[in-house]
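The structure under discussion appears below in the form of C-alpha cells.
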Amino acid sequence: MKFATIILNIFLLSISIKEYRIFNNFKDGLEIESKYSLYYKQKLDSIIPNNKNFNLLIRGNKNYDIVLTTIKKEDYENARQIQNQLLDKTIIPSQVNITESCYTVKTPIKTIKACLEDDEQLLSLSYSGFIKKINSCVIYENWFESSTTNLLINLENGSTSYITGDELIFSPNLKFIYSYANDGIDFAGISLHQIIDKKAQPILITDYDIEEKYKFDFSSFGKVYWVSDSSFYASNGKEYYKFKIQDKRITYSNELRENIINSENNKFIIKVDRLKDGSIRYTSWNKPKTKIDAPSLVLYDGEIEQQTKYGSGFDYQFQNGEFLYVIEHIIETTSAKRLMLRIYENSNEILYTSLTDLVNKK
Numbered sequence: 002m003k004f005a006t007i008i009l010n011i012f013l014l015s016i017s018i019k020e021y022r023i024f025n026n027f028k029d030g031l032e033i034e035s036k037y038s039l040y041y042k043q044k045l046d047s048i049i050p051n052n053k054n055f056n057l058l059i060r061g062n063k064n065y066d067i068v069l070t071t072i073k074k075e076d077y078e079n080a081r082q083i084q085n086q087l088l089d090k091t092i093i094p095s096q097v098n099i100t101e102s103c104y105t106v107k108t109p110i111k112t113i114k115a116c117l118e119d120d121e122q123l124l125s126l127s128y129s130g131f132i133k134k135i136n137s138c139v140i141y142e143n144w145f146e147s148s149t150t151n152l153l154i155n156l157e158n159g160s161t162s163y164i165t166g167d168e169l170i171f172s173p174n175l176k177f178i179y180s181y182a183n184d185g186i187d188f189a190g191i192s193l194h195q196i197i198d199k200k201a202q203p204i205l206i207t208d209y210d211i212e213e214k215y216k217f218d219f220s221s222f223g224k225v226y227w228v229s230d231s232s233f234y235a236s237n238g239k240e241y242y243k244f245k246i247q248d249k250r251i252t253y254s255n256e257l258r259e260n261i262i263n264s265e266n267n268k269f270i271i272k273v274d275r276l277k278d279g280s281i282r283y284t285s286w287n288k289p290k291t292k293i294d295a296p297s298l299v300l301y302d303g304e305i306e307q308q309t310k311y312g313s314g315f316d317y318q319f320q321n322g323e324f325l326y327v328i329e330h331i332i333e334t335t336s337a338k339r340l341m342l343r344i345y346e347n348s349n350e351i352l353y354t355s356l357t358d359l360v361n362k363k
C-alpha cells in the first residue's frame with residue numbers, strides 16, 4: 002500500500018464518529034458505522050434521504066414518515082421518569098361486563114359482544130382499561146396464529162377499531178399510540194396508530210418484510226417513552242433511539258428536487274415532483290384548498306412509464322392501497338387531451354378527467 006493511501010486511511014479513521022447511520026448486520030446484530038467509513042457508500046440504504054441529520058427514514062401510511070435518530074443514554078433514562086398513564090385498568094364503566102370467557106359492551110347505538118365458545122380462533126380475552134379522554138374502553142384479545150390485538154370501543158356510539166400489539170402506550174394528548182409484540186408468525190416489532198374521531202388508524206405495522214427492507218431489527222424494541230405528542234424514545238438494550246412521527250403534508254416541501262408536473266382542474270390541484278432521493282411523489286389539493294394549505298393527499302414511490310398510445314409522453318403511476326393514480330402527460334398528440342388524471346379502484350377505472358398544465362399555460 003502506498004504511503005499516501007496509509008496516511009489518508011489514518012485521517013479518515015481519526016475523524017469524529019458523532020454523526021452515524023444505522024445498519025443491520027445479520028451475522029453480528031446491529032452495527033453503528035461512521036458515515037466517513039471507507040465502506041459507508043457500499044452499505045448506504047437508498048431509502049435514507051440526503052439530509053445528514055437523518056439516521057433512517059421509514060415510510061408510514063400516506064400522511065406520515067417516521068424518522069429514526071440515535072440519542073444519548075441519559076436522555077433515554079430521563080424519559081423513563083415521565084409518567085403518562087392514559088389507560089386506567091382500575092375503572093370499569095357500567096356499560097362493560099366481562100368474564101373469563103365473554104365480554105359485552107353496551108352503547109346507546111349498539112352492543113359489542115364476543116365469547117370464546119363462539120369463535121374457536123379466539124383463545125383468551127381480558128380487560129385492558131378505560132380511556133376517559135375519549136370515553137372508550139379497550140378489550141385485549143388473543144387469537145390463534147395471529148398477533149394479539151386490542152379492541153378499542155367507543156362507549157358513545159359503539160365504533161370499534163383494532164390496535165395491533167400487546168401493551169398500548171399513548172402519546173401525552175392521545176394523538177398517537179405505540180404498541181409492540183412478536184408472535185413469531187407475521188408480526189415482528191412495533192405498531193403505530195393515530196387516533197382520529199376516537200378511532201385508531203394504523204400508521205406503521207412492522208413485519209419481517211419491513212425489517213428486511215430497512216435493514217433494521219424493529220423486533221428488538223419493547224416498551225417506549227413518549228417525550229412529546231409526536232416523539233418517543235426506545236432502546237434495544239445496546240443503543241438508544243428517538244422516533245419522530247413526521248406529517249409529510251407539512252414537511253413535503255423539504256424533500257423537493259424539481260417539479261415535473263404542475264396542474265389543476267375545477268376540483269383538484271395536482272403536482273408530480275422528483276425528490277432529493279430520486280423517487281417520484283404525487284401531491285394533490287382538493288379545491289377550494291390551495292398550495293399554501295396542507296395537501297389533501299401525498300403518495301410516494303411513483304413509477305414512470307413511457308407511452309406512445311396517444312402520442313409521445315409519460316405515465317406517472319402511484320399506488321394507494323386498492324387505488325391507482327395515473328397522470329398521463331402527453332407531449333405530442335393529435336387530440337386535445339394533453340394532461341389527464343385516471344384513478345382506478347381494484348383495476349376498475351372510476352375517474353378520467355383532464356387537467357390544465359400550469360407550467361405551459363399561456
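In my numbering, the protein residues as written are 2 to 363. Heads up, the beta-carbon is just placed ideally off N, CA and C, and yes, glycines get one too. All values reported here derive from a predicted model rather than from experimental measurement.
Annotation for I211: no beta strand (DSSP E) segment contains it, though the alpha helix (DSSP H) segment containing it runs 209-215. By the CB criterion at 8 angstroms, A182 and T149 fall inside the cutoff. Annotated three-state conformation of Y77 is helix, per DSSP.
As summarised for the region 82-125, there are no continuous alpha helix (DSSP H) elements at least 4 residues long confined to that stretch.
For F315, the uninterrupted beta strand (DSSP E) run begins and ends at 314-321, by DSSP.
If you compare the alpha carbons of N263, I332, K224 with that of S313, the shortest gap goes to I332. Per DSSP, E157 is not a residue of any beta strand (DSSP E), being assigned neither H nor E. For G303, there is no enclosing beta strand (DSSP E), as DSSP marks it with neither H nor E. Between the alpha carbons of E350 and G279 lies a gap of roughly 29 angstroms. Counting only the Cα atoms, N143 lies some 36 angstroms from F319.
By the neighbour-count criterion, in which 16 or more other beta carbons inside 10 Å mark a residue as buried, I191 falls on the buried side.
Around the beta carbon of Y353, fewer than 16 other beta carbons lie within 10 angstroms, which makes this residue exposed.
If the five residues before and after I92 are omitted, its C-beta is found closer than 8 angstroms to the C-beta atoms of G130, F131, K133, all from its own chain and listed in chain order. When the five nearest sequence neighbours on each side are left out, the beta carbons in the same chain lying within less than 6 angstroms of the beta carbon of C103 are those of C116, in order along the chain. Apart from the 5 residues on each side of it in sequence, E323 sits with its Cβ closer than 8 angstroms to the Cβ of E346, N347 in its chain, given in chain order. Distance from the CA atom of D210 to the CA atom of S95, rounded to whole angstroms, is 43 angstroms.
In the DSSP secondary-structure assignment, T150 is bridged to E142, T165. CA-CA distance, W286 to T357, rounds to 14 angstroms. CA-to-CA, the gap between I293 and K239 works out to about 43 angstroms.
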